[in-house]
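Engineer: Before we start, here is the structure in question, set down as structure tokens.
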Amino acid sequence: MSSPTPVGEPEVQTIRLDQDVVRVRQLVRTHAVAARLSLVEQTKLVTAASELARNTLVHGGGGRAEIQLVMNGPRRGVQASFTDEGPGIADLDLALTDGYTTAGGLGLGLSGARRLVDEFALDSKPGTGTRVTVVKWAR
Amino acid sequence: MERIPVLKLKDLLLVSIQVDLEDQSAIQLQEDLAERIVDTGAHGVIIDITALEIVDSFIGRMLSSIASISKVLDARTVVVGMRPAVAITLVELGLSLPGVRTALDVERGIELLTGMGDEEGAAT
Chain A
1 MSSPTPVGEP EVQTIRLDQD VVRVRQLVRT HAVAARLSLV EQTKLVTAAS ELARNTLVHG
61 GGGRAEIQLV MNGPRRGVQA SFTDEGPGIA DLDLALTDGY TTAGGLGLGL SGARRLVDEF
121 ALDSKPGTGT RVTVVKWAR
Chain B
1001 MERIPVLKLK DLLLVSIQVD LEDQSAIQLQ EDLAERIVDT GAHGVIIDIT ALEIVDSFIG
1061 RMLSSIASIS KVLDARTVVV GMRPAVAITL VELGLSLPGV RTALDVERGI ELLTGMGDEE
1121 GAAT
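Written out as structure tokens, the structure reads:
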């Protein structure tokens, strides 16, 4: 991952309920507009954030999202981090495989979210929780 | 949780999703639609997603299940009004909405359902 420089303070959204996933989407959308991402870029980032926020809720037992504007030289972008203190992911490669699911879904949440963003970092250990950080840059 | 209204229009049911969809609302809509199809004997369902800013894997799966459930209940489903950015994102996410017929707008969706013969029904 290149090093995105934070601009201002992150906005934090707790993820405890279904409607918090909707709030995360709205917060990410606001930042994506502020960073002047194109409509397609905005849509991709908000969709990725929706998948990751739902993972935090369903697999992590809740947690929080931190959303903030970032810069890398002249480029503006949005960074979103999702943190939980849930059971963690034992096999990261397997979790990132299309179609692999533990929740009876389509198994596209994590792998699909990775395709929709420019940068993706997954940090997880069994028993300590999971942190996923994504960045989408304006073209 | 917001409940999505289901409108009856002759022998069609029309759903226009105007809110940022919570997962629970999506599940509720699936149940409401199944009941209304049986109650009304409707032969078609139109789901208007013009106002939806994203379709993620959960909402996509919900649309596919609604199409499957309504098919079992002798009704066809057409999803209309998908935004271009949503379509691009959906494909990159890896979703192909199996079994879901689409049309560009409500008018074409109605045409598709009312003019739909047996041979077209095989497309799902």
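Which chain is which? The protein sequence lines are A and B, in order. For the first sequence, the residue numbers in this note's numbering are 1 to 139. For the second sequence, the residue numbers in this note's numbering are 1001 to 1124. Where a beta carbon is used, it is the ideal one built from N, C-alpha and C, also for glycine. On a predicted model such as this, the values are computed, not experimentally measured, just so you know.
Return the residue from the list Ser1096(B), Val1055(B) and Gly1099(B) that minimises the CA-CA distance to Met1082(B).
Structural biologist: Of Ser1096(B), Val1055(B) and Gly1099(B), the residue nearest in Cα terms is Val1055(B).
Engineer: Chain A partners of Gln1028(B), CB-CB under 7 Å?
Structural biologist: Correct list: empty, because the minimum Cβ distance to chain A is about 11 Å.
Engineer: Tell me which residues share the same chain as Val1023(B) and place their Cβ nearer than 7 Å to its Cβ, disregarding the 5 neighbours each side in the sequence.
Structural biologist: Reading the sequence as shown, one finds Asp at residue 1023(B) and not Val. Counting only Cβ-Cβ distances below 7 Å, and skipping sequence neighbours, we find Phe1058.
Engineer: Please work out which residues of its chain come closer than 7 Å, Cβ to Cβ, to Asp1105(B), disregarding the five sequence neighbours upstream and downstream, and give them in chain order.
Structural biologist: Correct list, in chain order: Val1080 and Gly1081.
Engineer: Threshold first: 3 residues or longer. Then list the beta strand (DSSP E) segments lying entirely within the stretch 1049 to 1118 of chain B, N to C.
Structural biologist: Complete beta strand (DSSP E) runs here, min 3: 1076 to 1080 and 1101 to 1103.
Engineer: Helix, strand or coil for Asp1020(B), going by three-state DSSP, please let me know.
Structural biologist: It is coil, neither helix nor strand.
Engineer: Could you have a look at Glu1031(B) and say whether DSSP puts it in helix, strand or coil?
Structural biologist: It is helical.
Engineer: Measuring CB to CB, does Asp20(A) end up less than 9 Å from Ala48(A)?
Structural biologist: Taking 9 Å as the Cβ cut-off, Asp20(A) and Ala48(A) do not qualify as a contacting pair.
Engineer: Tell me whether Ser1025(B) sits in a helix, a strand or coil according to DSSP, three-state version.
Structural biologist: Three-state result, Ser1025(B): helix.
Engineer: Examine chain A for any beta-carbon lying closer than 9 Å to the beta-carbon of Arg1003(B), and answer yes or no.
Structural biologist: It does not: the Cβ of Arg1003(B) has no partner Cβ on chain A nearer than 9 Å.
Engineer: Looking at C-beta atoms only, is the number of pairs between the stretch 36 to 50 of chain A and the stretch 131 to 138 of chain A that lie closer than 8 Å three or more?
Structural biologist: Because the criterion of three Cβ pairs below 8 Å is met, the stretch 36 to 50 of chain A and the stretch 131 to 138 of chain A touch.
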